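Using UniProt numbering, read the sequence shown as starting at 1 and increasing by one per residue. For reference, the structure is listed below as structure tokens.
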Amino acid sequence: MRGKRNKSDIQEFSMHLMDNILALHDDLKERKYKHGGYQAFNISDPKPRNIHKATVRDRLLHHAIYRKLYPFFDRTFISDSYSCRIGKGTHKALNRFREFGLKVGENNTKTCWVLKCDIRKFFANIDHEILTAILKKYIPDENIFWLLEEIIESFSPGLPLGNLTSQIFVNIYMNEFDQFAKHKLKVKYYIRYADDFVIFSKDRHWLVNLIPKIRAFLAYKLRLGLHPDKLFIKTLASGVDFLGCVNFPDHRVLRTATKRRMIKRMKGIQKSGTKQSYLGLLRHGNTFKIKKEIIQ
1 MRGKRNKSDI QEFSMHLMDN ILALHDDLKE RKYKHGGYQA FNISDPKPRN
51 IHKATVRDRL LHHAIYRKLY PFFDRTFISD SYSCRIGKGT HKALNRFREF
101 GLKVGENNTK TCWVLKCDIR KFFANIDHEI LTAILKKYIP DENIFWLLEE
151 IIESFSPGLP LGNLTSQIFV NIYMNEFDQF AKHKLKVKYY IRYADDFVIF
201 SKDRHWLVNL IPKIRAFLAY KLRLGLHPDK LFIKTLASGV DFLGCVNFPD
251 HRVLRTATKR RMIKRMKGIQ KSGTKQSYLG LLRHGNTFKI KKEIIQ
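Have a look at this one:
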């Protein structure tokens, strides 16, 4: 909760900090803790999203739980899962995308096909029963499991965009699919970032045949579905839209919508450090014109 001390709810909580922390400690010790409600608000980044913000008391607990769960579960994740993980992120995923494209395409001497998939209404469709069953496999301690269940059941349907715990929960949930893709489907070149994933192959028919197997696993094991309008198989040479960029074998360009959004944000940013961080992001693509416009 660093950098948020000026928020009124945090100021109010801080006025009686020790009393509030001790009360939370007692509730947890006696298993009387009940998760509070949420404050809902909308953002557009880039598409409309409904964010639900928990109380300061609950957010404090979320951070404590996240710090305990993350190091344990992160070791169980595949290396090519890139969302909400230390040392990963968008740019590492895009660099891995380029690396896989060059490997499969044998340095642009062979055709590289890419299957791109997107989970439909990802956070809203996370099934509580399945998530708790997955957690139960790893967490035998009833005191911890009870607390996780209380957080999960505090919101329905799915998980709230806004909880720090939701970040680790969705990665734990989708790790089931990651393991299936790697070990059952024997997919060698696979990258997932949150609800988006790509698979590379020289063989288009092999990718086509994967789709019903992917659909079946997601539907029956995780109760998730693929977005029909965001599923495609394309050659890398024709450009593959992934993580805000159109990716080609030897370069990538920002999507037009991404450029517009970035320029709009930059126009209202005065802090030079923030502006420099945006310019740093732009080093990862062919963005000379947009950098020039931002600097001006």
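Built from N, CA and C at the ideal position, the CB exists for glycine as well. For clarity, every value in this text was computed on a predicted model and none was experimentally measured.
Identify the continuous beta strand (DSSP E) that holds Pro249 and give its terminal residues.
Careful: Pro249 lies outside any beta strand (DSSP E) and carries neither H nor E.
Quick one: what does DSSP say Ser14 is sitting in, helix, strand or coil?
Here Ser14 sits in helix by DSSP.
Could you give the uninterrupted runs of the alpha helix (DSSP H) lying entirely in the stretch 78-162, keeping only those of 4 residues or more?
Complete alpha helix (DSSP H) runs here, min 4: 90-104, 128-138 and 142-152.
Do you know how far the Cα of Val114 is from the Cα of Lys88?
Going from the Cα of Lys88 to the Cα of Val114 covers about 21 Å.
For the 8 Å Cβ check, are there 3 or more pairs between the stretch 108-126 and the stretch 233-247?
They touch, by the three-pair rule.
Name the residue from Cys84, Asn50 and Val56 whose alpha carbon lies nearest to the alpha carbon of His35.
Nearest option by C-alpha distance: Val56.
Whose C-beta lies closer than 7 Å to the C-beta of Leu185 among residues of the same chain, with five residues either side of it excluded?
Counting only Cβ-Cβ distances below 7 Å, and skipping sequence neighbours, we find Leu210 and Lys213.
When DSSP labels each residue in this structure, what does Val198 get in the three-state scheme?
In this structure, Val198 counts as strand in the three-state DSSP scheme.
With DSSP as the reference, label Gln296 as helix, strand or coil.
In this prediction, Gln296 scores a pLDDT of 47, lower than 50, which makes its location untrustworthy; the coordinate-derived value is nonetheless stated afterwards. In this structure, Gln296 counts as coil in the three-state DSSP scheme.
Within the continuous beta strand (DSSP E) that includes Ala54, where are the two ends?
Ala54 -> beta strand (DSSP E) spans Pro48 to Ala54.
Touch check for the stretch 181-198 and the stretch 57-65: three-plus C-beta pairs under 8 Å?
Judged by Cβ distances under 8 Å, the stretch 181-198 makes no contact with the stretch 57-65, as fewer than three pairs qualify.
Does the separation of the CB atoms of Lys221 and Phe177 fall below 9 Å?
Result yes, Cβ atoms of Lys221 and Phe177 sit closer than 9 Å.
From this set, Arg120, Ile152 and Cys112, which residue's C-alpha is nearest Asn163's C-alpha?
Out of Arg120, Ile152 and Cys112, Ile152 has the C-alpha closest to the C-alpha of Asn163.
Find out if the Cβ-Cβ distance for the pair Ile126, Leu159 is shorter than 9 Å.
Yes, Cβ-Cβ distance for Ile126 and Leu159 is below 9 Å.
May I ask you to list the residues that DSSP assigns as paired with Leu226?
Paired residue(s): Ile119.
On the three-state DSSP scale, how would you describe Asp27?
DSSP places Asp27 in helix when its eight states are reduced to three.
Closer than 7 Å by C-beta to Asp27: which residues in its own chain qualify, once you throw out the five before and the five after it? Chain order, please.
Hits under 7 Å: Tyr33.
Can you tell which of Phe217, His25 and Thr111 has its C-alpha closest to the C-alpha of Lys202?
Taking only the C-alpha atoms, the option nearest Lys202 is Thr111.
Span of the alpha helix (DSSP H) holding Ala40?
Not the alpha helix (DSSP H): Ala40 falls in the beta strand (DSSP E), residues Tyr38 to Ser44.
In or out: Leu243 buried (at least 16 other Cβ within 10 Å) or exposed?
Classification for Leu243: buried.
If we count the other Cβ atoms within 10 Å of its Cβ and call it buried at 16 or more, is Thr165 buried or exposed?
That one is buried.
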